[in-house]
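Inspection log for the structure reproduced underneath, given as structure tokens.
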Amino acid sequence: MTESSRIECLDGLRAAAALWVLVGHCLLLTGWHVPVLGDPALGVDLFIMLSGFLMVFHYQLRRDKEPWQRPETWLKFWTRRYFRIAPLFYVMLFFALALGPYLYESRMVIDAFLQRAPQAPERFLDSGLKNIVAHLTFLFGLSPNLAYRTPLPDWSLGLEMQFYAVFPALMLLVRRFDWVWSAIVVAALGGFAVMVLGWMSVRFPMPSLLPLKIQVFLCGMLLAGVLGQRQPRPLLHLALAMALAAIPFGDGYGLSKLLIREALVLGFFALVLYRMLPGQAGAVTRKIAVALGGGVFHVLGELSYSIYLIHLLVLQPVAAFVIARYGDGLGVPLRFAIVLAVVLPVVCLLSWVTYTVIEMPGQKLGRAVLRRFARKKPALKPSPAE
145 MTESSRIECL DGLRAAAALW VLVGHCLLLT GWHVPVLGDP ALGVDLFIML SGFLMVFHYQ
205 LRRDKEPWQR PETWLKFWTR RYFRIAPLFY VMLFFALALG PYLYESRMVI DAFLQRAPQA
265 PERFLDSGLK NIVAHLTFLF GLSPNLAYRT PLPDWSLGLE MQFYAVFPAL MLLVRRFDWV
325 WSAIVVAALG GFAVMVLGWM SVRFPMPSLL PLKIQVFLCG MLLAGVLGQR QPRPLLHLAL
385 AMALAAIPFG DGYGLSKLLI REALVLGFFA LVLYRMLPGQ AGAVTRKIAV ALGGGVFHVL
445 GELSYSIYLI HLLVLQPVAA FVIARYGDGL GVPLRFAIVL AVVLPVVCLL SWVTYTVIEM
505 PGQKLGRAVL RRFARKKPAL KPSPAE
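Residue numbering for the sequence shown follows my numbering, beginning at 145 and increasing consecutively.
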């Protein structure tokens with residue numbers, strides 16, 4: 145199957161994931177219970193599937209120029225990912241820690257009004273050296289005590305960095321044993337790790353440890369694997385991905401959430417592999433996929449990381465203000481609508497600023513580091529076996 149450097153629907157899917165998390169948190173913090181949309185964890189799962197897909201997709205585009213049997217290719221990969229994630233995260237971490245006491249007061253107003261158990265103070269107020277160093281090094285996701293220790297939704301970033309750390313080894317495993325057996329082995333290892341955590345009574349407040357979410361990464365990876373095969377087996381990959389999506393691991397959820405996750409996998413496969421769908425189904429899905437790649441979807445897709453990382457810093461004070469000002473004087477849907485109407489444009493504007501001022505220069509710096517590395521470490525001539 146021929147490979148293209150662009151998959152039309154990815155921008156729209158990234159935008160959908162970011163907006164799903166934002167809207168879901170708006171619903172939760174205003175007290176409106178809406179199925180599916182009110183569960184931001186599903187939006188995070190979509191982000192994770194996208195990450196698994198994109199890492200494999202870009203690996204396949206670069207594998208001839210950057211063979212993964214060489215350690216310098218691993219270093220280039222980690223450098224790209226670090227400069228994609230770290231610059232904005234470090235800036236937002238500073239603001240989150242500085243605003244921690246104010247955000248904690250806002251969250252106390254929200255939790256008291258909604259009659260929920262109050263948030264742990266340390267999540268907002270821990271500016272100790274241990275917590276800061278753990279976050280600067282992205283090691284916080286490995287510790288149950290530090291994984292959920294800032295006002296940001298950053299637990300998933302620690303998870304993401306763990307995925308990046310093992311990704312080159314995963315791809316070498318695929319190269320050796322093929323996609324199906326590799327996915328089964330990795331999922332089994334993840335399941336065993338989760339069982340060991342259970343036996344040791346180790347509980348993470350959020351699924352920030354890689355074994356707790358490895359099956360979701362594998363769903364996206366299997367989809368990208370279809371695109372890289374000379375003789376693709378889409379139905380086999382789809383069946384395995386759906387089986388993996390049904391494994392809860394660290395997430396205890398019921399039938400409804402399982403069905404939604406299965407639908408996410410099906411929709412993801414259809415949008416990316418619409419060329420393999422027969423007749424009218426392929427034509428309709430193609431129109432949807434192309435539409436998701438342009439216009440506002442493209443813009444929001446570019447801003448999705450900023451939207452995800454920033455939105456709670458804006459949402460919690462706004463929701464607390466509306467609750468303190470109006471209380472029960474507003475119906476729940478109206479309270480949600482007011483909060484969303486304020487938060488969404490403010491977050492999008494701030495995200496555009498941070499994307500322009502922080503994310504893009506950060507990625508540019510990463511490319512400069514790679515060019516400098518390339519000058520210092522000239523590529524070795526490939527051996528005949530490669």
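All C-beta atoms in this analysis are idealised placements derived from N, C-alpha and C, irrespective of residue type, glycine included. As the structure is a prediction and not an experimental result, all values here were calculated from the model.
### Query
Which class does M350 belong to by DSSP, given the choice of helix, strand or coil?
coil
#### Entry: L484 to T217 span [Cα, whole Å]
43 Å
### Query
What number of angstroms, rounded off, separates the C-alpha of V490 from the C-alpha of P297?
18 Å
### Task
Return yes when the Cβ of V409 is within less than 8 Å of the Cβ of A385, no when it is not.
yes
#### Entry: Cα-Cα separation, S527 to F221
Low confidence applies here, because S527 scores a pLDDT of 42, under 50, leaving its location unreliable and the question unanswered by this model.
### Query
Taking Cβ positions, are L194 and L166 nearer each other than 8 Å?
no
#### Entry: Reference W323, options R225, S287, P355 and L362, closest by Cα
L362
### Query
Exposed or buried, what is G342 when buried is set at 16 or more other beta-carbons lying within 10 Å of its beta-carbon?
exposed
### Message
Check this for me: beta carbons of W164 and P179, under 8 Å apart or not?
### Response
no
### Endpoints, alpha helix (DSSP H) assigned at P215
P215 to A242
### Query
From G438 to I404, what distance separates their C-alpha atoms?
26 Å
### Query
Could you give the residue range of the alpha helix (DSSP H) that holds I451?
G439 to Y470
### Message
DSSP three-state label for W323, please.
### Response
helix
### Message
My assumption, with CB atoms under 8 Å, is that A240 sits in contact with L457. Please give the rounded CB distance.
### Response
6 Å
### Task
Rounded to whole angstroms, what's the CA-CA distance from F284 to L421? Just pull it up for me.
42 Å
### Query
Do L232 and Y418 come within 8 Å of each other at the CB atom, strictly closer than that value?
no
#### Entry: Completely contained alpha helix (DSSP H) runs for the segment 467-519, where each covers 4 or more residues
476-498
### Option nearest P312 by Cα separation, candidates V277, H202, L380 and L493
H202
### Cα-Cα separation, K105 to L171
Any property of residue 105 remains undetermined from this structure, which presents the chain solely from 145 to 530.
### Task
Return the chain-ordered list of same chain residues with a C-beta closer than 6 Å to the C-beta of D255, the five sequence neighbours on each side being excluded.
P262
### CA-to-CA distance, I192 to L154, given in whole angstroms
13 Å
### Query
Just the Cα atoms here: how many angstroms apart are F200 and G471?
Position check: residue 200 holds Val in this sequence, whereas Phe was assumed. Whole-angstrom Cα-Cα distance: 48 Å.
### For Q507 and F282, believed in contact at Cβ under 8 Å, the rounded distance
17 Å between Cβ atoms; not a contact.
### C-beta atoms of M350 and A389 nearer than 8 Å
no
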